[in-house]
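Trainee:
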Amino acid sequence: MKDISIIAVGYLVILSFAGLISMGMDKRRAIRNRWRIPERTLLLIAFLGGGIGSFLGMRIFRHKTKHRKFVILLPIAAVLYAILLIYLIYI
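Residue numbers (the numbering used here): 1 to 91.
(1) By how many angstroms is the C-alpha of K66 removed from the C-alpha of R28?
(2) Return the chain-ordered list of same chain residues with a C-beta closer than 7 angstroms to the C-beta of V9, the five sequence neighbours on each side being excluded.
(3) What residues in its chain sit with their C-beta under 6 angstroms from that of K64, if we drop five residues either side in the sequence?
(4) Excluding the 5 residues flanking G24 on each side, which residues of the same chain have their C-beta closer than 7 angstroms to its C-beta?
(5) Just tell me which of M1, A82, S5, I91 has its CA closest to the CA of G51.
(6) Give the secondary structure of P75 by DSSP, where H, G and I count as helix, E and B as strand, and everything else as coil.
(7) Among R40, N33, A46, whose alpha-carbon lies nearest the alpha-carbon of S16?
(8) Is any heavy atom in the ligand GDP found nearer than 8 angstroms to the beta carbon of L56?
Written out as C-alpha cells, the structure reads:
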C-alpha cells in the first residue's frame, strides 16, 4: 500500500468513527430532548468519508431509520466508501 493510500484509509476510518459517534450522540440527545445535531451535518459527515460509520450508527442506535433520506443515502455512502476502502487497500 502506498503512503497516500495509508493516509486516505486513515482519513476514512477517522471519519467513519466520527459518523458512528455523531449518530449515537444525536440519538442520546433526542431521547433527552436536548439540542440535536442538524441532519445536514450528519449527512455531511457521511458523504465526506464517514458513510460506513454513519450507516452502522443508524443501525446500531436505531436512529433516523424512519427518515427516507437517511434510509436511502446512508447505504449509498457506505457502499461507495467500502468500495473505495477496498480499492485503496489493494492498490
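Note that the Cβ used here is the ideal one computed from N, Cα and C, for glycine as well. Since this is a predicted model, take the numbers as computed values, not measurements.
Mentor: According to the structure data:
(1) When rounded, the distance between both Cα atoms is 17 angstroms.
(2) So the qualifying residues of the chain are L85, L88, I89.
(3) Result list for K64: M58, F70, in chain order.
(4) Excluding positions up to five away in sequence, the list reads G57, F61.
(5) Distance from the Cα of G51 is smallest, within the candidate group M1, A82, S5, I91, for A82.
(6) Helix at P75.
(7) Relative to S16, the option among R40, N33, A46 whose CA is nearest is A46.
(8) As far as ligands go, the structure on display features none, and thus does not contain the ligand GDP.
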